[in-house]
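Protein chains: 2
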Amino acid sequence: MTVTVAAAERLMRIGEVARGAGVSVRAVRYYEQQGLLIAERSPSGQRLYRQDAIPLVRFFQEMFAAGLTSRRITELLPCWDAGHTDAGQRAMLRAERERIQAKIDDMQAALDHLDEVIAITDTHP
Amino acid sequence: MTVTVAAAERLMRIGEVARGAGVSVRAVRYYEQQGLLIAERSPSGQRLYRQDAIPLVRFFQEMFAAGLTSRRITELLPCWDAGHTDAGQRAMLRAERERIQAKIDDMQAALDHLDEVIAITDTHP
DNA sequence: CTAAAACCTGACGCTGGCGTCAGAGGCAAG
DNA sequence: CTTGCCTCTGACGCCAGCGTCAGGTTTTAG
Chain A
1 MTVTVAAAER LMRIGEVARG AGVSVRAVRY YEQQGLLIAE RSPSGQRLYR QDAIPLVRFF
61 QEMFAAGLTS RRITELLPCW DAGHTDAGQR AMLRAERERI QAKIDDMQAA LDHLDEVIAI
121 TDTHP
Chain B
126 MTVTVAAAER LMRIGEVARG AGVSVRAVRY YEQQGLLIAE RSPSGQRLYR QDAIPLVRFF
186 QEMFAAGLTS RRITELLPCW DAGHTDAGQR AMLRAERERI QAKIDDMQAA LDHLDEVIAI
246 TDTHP
């Protein structure tokens with residue numbers, strides 16, 4: 001007979017999450033305020049995070065770097081941690097994908113232009 | 126005997142520049158305020174631009190999209206329209222190039238991650 | 001037990017590329 | 001002349017992701 005025991009997951013406080021993900025404590029609090037990262041609370045009111053908080057914060061950083069806002073990320077979170085996803089969310093995923101791709105293309109064009117300038121200034125000191 | 130005559134270049138007012146480059150009039154004024162785009166003035170004080178103002182504004186837009194600030198662009202302008210370039214400026218060019226490349230790599234990583242999520246949500250409706 | 005380190009809740013500040021409103025002057029056409 | 005569009009100079013507003021200070025509680029190390 002097998003008994004499923006709730007694995008006493010080791011909970012972290014906010015500082016550990018921040019250091020682990022390479023962001024500031026302030027940033028982690030901000031994510032909670034924006035509804036990105038929900039934390040449990042200790043009896044004294046301190047935030048307690050599960051292990052997956054760190055990769056999650058890293059994911060947020062990646063999305064921020066890609067130009068998504070925290071609001072967009074909250075709207076897309078259901079696609080991420082649940083299998084539950086409706087047509088609207090899939091459409092948003094695709095739309096964001098296109099926006100990122102377009103931005104990459106723009107930046108690549110800018111890079112090519114800059115490389116031209118560099119080539120000129122190098123051969124033409 | 127050849128005589129060089131200053132070609133009476135057709136000058137544009139700010140609206141034409143803005144429409145031609147696809148930005149707002151406000152944006153063009155802002156570029157001047159930041160020292161990016163110097164305009165002559167008509168006797169009544171209106172800004173007058175040469176033809177190359179339009180590609181120049183487009184270039185600014187491209188650099189903004191790549192994450193450069195107007196200050197950086199002003200610092201790099203001498204490399205652009207003059208052959209004059211010192212070692213410091215060439216170093217800055219390279220530094221900006223690296224920053225842009227790094228940002229592109231980050232965004233590509235984000236895009237790949239998003240594509241994974243999209244693949245999951247598609248095969249797992 | 002005590003001091004340091006970590007955490008808490010507000011709340012204001014900052015940056016950058018403009019948008020936008022206010023109030024006043026230019027400029028070609030009918 | 002006047003109508004209507006363009007332009008001018010300030011100057012304040014905005015947004016997003018935090019930084020940062022204030023003033024207080026909690027946890028931990030020695």
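Respectively, the protein sequence lines represent chains A and B. Going letter by letter, the first sequence gives residues 1 to 125 in my numbering. Going letter by letter, the second sequence gives residues 126 to 250 in my numbering. From the three backbone atoms N, C-alpha and C, an ideal C-beta is built for every residue, glycine too.
When only Cα atoms are considered, residue 96 (chain A) and residue 166 (chain B) end up about 44 Å apart.
By the Cβ neighbour-count rule, residue 172 (chain B) is buried, with 16 or more other Cβ atoms within 10 Å of its own. Residue burial annotation: residue 194 (chain B) is exposed, with fewer than 16 other C-beta atoms found within 10 angstroms of its C-beta. Look at residue 81 (chain A): its C-beta is not under 8 Å from any C-beta on chain B. Boundaries of the alpha helix (DSSP H) around residue 214 (chain B): 212-248.
One thing to note: residue 198 (chain B) has its Cβ no nearer than 8 Å to the Cβ of residue 111 (chain A). Taking a cut-off of 8 Å on C-beta distances, the region 18-37 of chain A touches the region 55-64 of chain A, as three or more cross pairs fall below it.
Cβ contact annotation for residue 204 (chain B) (same chain, cutoff 7 Å, sequence separation greater than five): 210, 214 and 218, in chain order. Looking at the DSSP output, residue 12 (chain A) shares a beta bridge with A:49.
Contacts between residue 117 (chain A) and chain B, judged by CB atoms closer than 7 Å, involve 204, 205 and 218 in chain order. For residue 157 (chain B), DSSP assigns no beta-bridge partner whatsoever. Across the structure, residue 243 (chain B) and residue 87 (chain A) are spaced so that their CA atoms are roughly 12 Å apart. Contact with chain A is absent for residue 177 (chain B), since none of that chain's Cβ atoms lies less than 8 Å from the residue's Cβ. The shortest C-alpha to C-alpha distance from residue 121 (chain A) to any of B:206, B:233, B:238 and B:234 is the one to B:206.
If you draw a straight line from the Cα of residue 29 (chain A) to the Cα of residue 108 (chain A), it comes to about 34 Å. In the DSSP annotation of this structure, the continuous segment of the alpha helix (DSSP H) that includes residue 74 (chain A) starts and ends at 70-81.
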